[in-house]
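In the numbering used here, the protein residues as written are 523 to 1179.
Now the structure itself:
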């Protein structure tokens, strides 16, 4: 027994007394042979045995494989490898701790996925790598190059011993997906990389392109599964610029600022209880993102006040006039008086429709908009499923009623195929044009029924190729007498209402219906029948060229003097249509009046006497043509129930268990 104890003591003494530096050359040769790369320990070599054995290396060099861009992968003044002995028995290399000092490391991945940190001689990209439980780096520089993600990054790493909580300091710079990146970070003294549930504090602040990011919280196990629980604040000029830096196909937006609690467990991220602004709109809610193929975004969003101008970029609308004029002046195109296009013509990005799936609801309590656009609130449910985008319901409070729509965009083909079903329900005529004085005496409800389909990569393109039908009807109510007399060109009636105030007159039936073919809406019927007159119209609305061509012909039902009745022609671009009186009938009446005036000045008014040729329209027959629109005029404007996406919960298990 004494002999065995003496032998064990001698073995321990040998381990501690052995000149380990004599093994440098055999180790250099062995590592070089096994990896197929040059490896050298040019300084001292020490071993401190134990259950976790420390191997201390000085002045170390390890070269790149032949395909990499540089000769050397890593050099270091000092490396300490704390090797867990037991996993070695099963062929696994587990480093309980890896410490590097004065290191210069270049990590690189090839375009075909090979990694220079893979240690197998075969360069098999799937080969196992040492498991690093903890990593400590001091006074070192780490570079990373990845052509797959167009990434070239470098991080200067050091330790600040005066900060016991977050002593690690990292300065990051470079580019990712051809976007410049700069950041500073402070973390705990040990970075938990793999198979570790140790939470460590981290705080970082930086910029990705023009996007500013701040994060402050705790992280763990960043490679395998990953746990994040941190406060995140993001601000930038456009949410759309985050793609493809992060694999979220977010829409184009005005400048934004948002902050909330970011949590990650495995492949699921949650952004909880966030608040912020997008343009002049506030935004609140919770969202979850699950990585996959394709990834899935779910969100429940609310806005107390939504600026209509902030929705424009989502559908490809042009910037407001003031912003547009400023841009034109900067580009030297100021002074161009050509009419501006009104329909949104910026193309949807087809690749983004296929980049992920989504289930998002948004409810806005109040909409900021120009006074001439009577929108009140908004509710929308967005589904994106393998390139098929559905907005249903898409609802706006509109002039006391609502717009209820269902839109589909099929991004699985190019150009995009679009379908639209739009109903105006219970819209109040008086609120439709609140700034128009002649509409204040008009009451009644208006409905519309629109069904369109087309193809194109923008809203303008889809409408330019649209086919379908549209109809509009007014159920009962009254219209402004002043407005009707103005359409009749009845001077006597206009003077009466101007002198004694406007008065409402009963509406018998008013309706219009259109056939839409290849982007042109052609009227089937257009009648506005009141107790005062019967107004009939005809014409075309050309969406491809954004041009109106409408002719209104009024037939008063009662005799009157000072009537210069002639058809009214509304014609011109959507952005600035004009109106004109048809000269033929007007000149005929004017000529007759002039001839009579030669005989007797009072006789001149006889040519302007309206004998009332207008007849009542067949309202039953007319309304049958626009039955769907008539029903929408009477339907309730109450909002529909919005479905709520089931946000994927995170595992509540404490990662420290």
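Glycine included, each C-beta is placed from N, C-alpha and C at the ideal position.
Start and end residues, beta strand (DSSP E) containing residue i
{"i": "residue 800", "result": "790-800"}
{"i": "residue 910", "result": "910-920"}
{"i": "residue 1095", "result": "1090-1095"}
{"i": "residue 607", "result": "Element bounds for residue 607: not the beta strand (DSSP E) but the alpha helix (DSSP H), 607-610."}
{"i": "residue 1169", "result": "Note, residue 1169: premise wrong, no beta strand (DSSP E); not H, not E."}
{"i": "residue 1163", "result": "Neither: residue 1163 is in no beta strand (DSSP E) and is coded neither H nor E."}
{"i": "residue 672", "result": "Here residue 672 belongs to no beta strand (DSSP E), and DSSP marks it neither H nor E."}
{"i": "residue 925", "result": "923-932"}
{"i": "residue 626", "result": "626-630"}
{"i": "residue 576", "result": "574-585"}
{"i": "residue 903", "result": "897-907"}
{"i": "residue 570", "result": "567-570"}
{"i": "residue 563", "result": "561-563"}
Contact set for residue i: own chain, Cβ-Cβ below 7 Å, skip 5 residues either direction
{"i": "residue 1073", "result": "1059, 1060, 1061, 1089 and 1091"}
{"i": "residue 798", "result": "778, 779, 780, 781 and 805"}
{"i": "residue 1038", "result": "974, 988, 989, 990, 991 and 992"}
{"i": "residue 1050", "result": "1032 and 1057"}
{"i": "residue 795", "result": "782, 783 and 808"}
Whole-Å CB distance - residue i paired with residue j, under 8 Å assumed
{"i": "residue 629", "j": "residue 603", "result": "Contact doesn't hold; Cβ gap of about 18 Å is too wide."}
{"i": "residue 674", "j": "residue 616", "result": "Not confirmed; about 31 Å, so no contact."}
{"i": "residue 707", "j": "residue 734", "result": "The Cβ separation is near 14 Å, so there is no contact."}
{"i": "residue 931", "j": "residue 875", "result": "7 Å"}
Per-residue burial, residue i [other beta carbons within 10 Å of its own, 16 or more giving buried]
{"i": "residue 1098", "result": "exposed"}
{"i": "residue 903", "result": "buried"}
{"i": "residue 776", "result": "buried"}
{"i": "residue 1163", "result": "exposed"}
{"i": "residue 638", "result": "buried"}
{"i": "residue 527", "result": "Because residue 527 sits at a pLDDT of 45, beneath the cut-off of 50, its placement in the model cannot be relied upon, and the following sentence gives the value as read from the coordinates. It counts as exposed."}
{"i": "residue 684", "result": "exposed"}
{"i": "residue 811", "result": "buried"}
{"i": "residue 1167", "result": "buried"}
{"i": "residue 826", "result": "exposed"}
{"i": "residue 679", "result": "buried"}
{"i": "residue 1160", "result": "exposed"}
{"i": "residue 917", "result": "buried"}
{"i": "residue 730", "result": "buried"}
{"i": "residue 787", "result": "buried"}
{"i": "residue 593", "result": "exposed"}
{"i": "residue 1068", "result": "buried"}
{"i": "residue 945", "result": "buried"}
{"i": "residue 552", "result": "exposed"}
{"i": "residue 948", "result": "buried"}
{"i": "residue 1165", "result": "exposed"}
{"i": "residue 901", "result": "buried"}
{"i": "residue 607", "result": "exposed"}
Beta-bridge partners of residue i, as assigned by DSSP
{"i": "residue 636", "result": "Its beta-bridge partners do not exist; DSSP assigns none."}
{"i": "residue 823", "result": "807 and 884"}
{"i": "residue 783", "result": "753 and 794"}
{"i": "residue 709", "result": "690 and 724"}
{"i": "residue 950", "result": "967"}
{"i": "residue 543", "result": "In DSSP, residue 543 forms no bridge with anything."}
{"i": "residue 941", "result": "930 and 975"}
{"i": "residue 1073", "result": "1060 and 1091"}
{"i": "residue 738", "result": "725 and 753"}
{"i": "residue 1039", "result": "1042"}
{"i": "residue 778", "result": "758 and 800"}
Close beta carbons around residue i, own chain, < 6 Å, minus the five adjacent residues each side
{"i": "residue 622", "result": "598, 601, 659 and 662"}
{"i": "residue 992", "result": "972 and 1036"}
{"i": "residue 694", "result": "677 and 705"}
{"i": "residue 801", "result": "776, 829 and 832"}
{"i": "residue 888", "result": "827"}
{"i": "residue 879", "result": "816, 818, 906 and 907"}
{"i": "residue 882", "result": "821 and 904"}
{"i": "residue 809", "result": "793 and 821"}
{"i": "residue 698", "result": "673"}
For residue i, the first and last residue of its enclosing alpha helix (DSSP H)
{"i": "residue 554", "result": "546-557"}
{"i": "residue 832", "result": "830-833"}
{"i": "residue 616", "result": "First-last for residue 616: 616-623, but that is the beta strand (DSSP E), not the alpha helix (DSSP H)."}
{"i": "residue 986", "result": "981-986"}
{"i": "residue 874", "result": "872-875"}
Neighbourhood of residue i by C-beta, 8 Å cutoff - its chain only, sequence neighbours within 5 removed
{"i": "residue 596", "result": "582, 583, 584, 625, 626, 627 and 628"}
{"i": "residue 669", "result": "631, 632 and 633"}
{"i": "residue 1124", "result": "Because the pLDDT at residue 1124 is just 39, under 50, the model does not fix this residue reliably, and the value given afterwards should be weighed accordingly. No residues qualify anywhere along the chain."}
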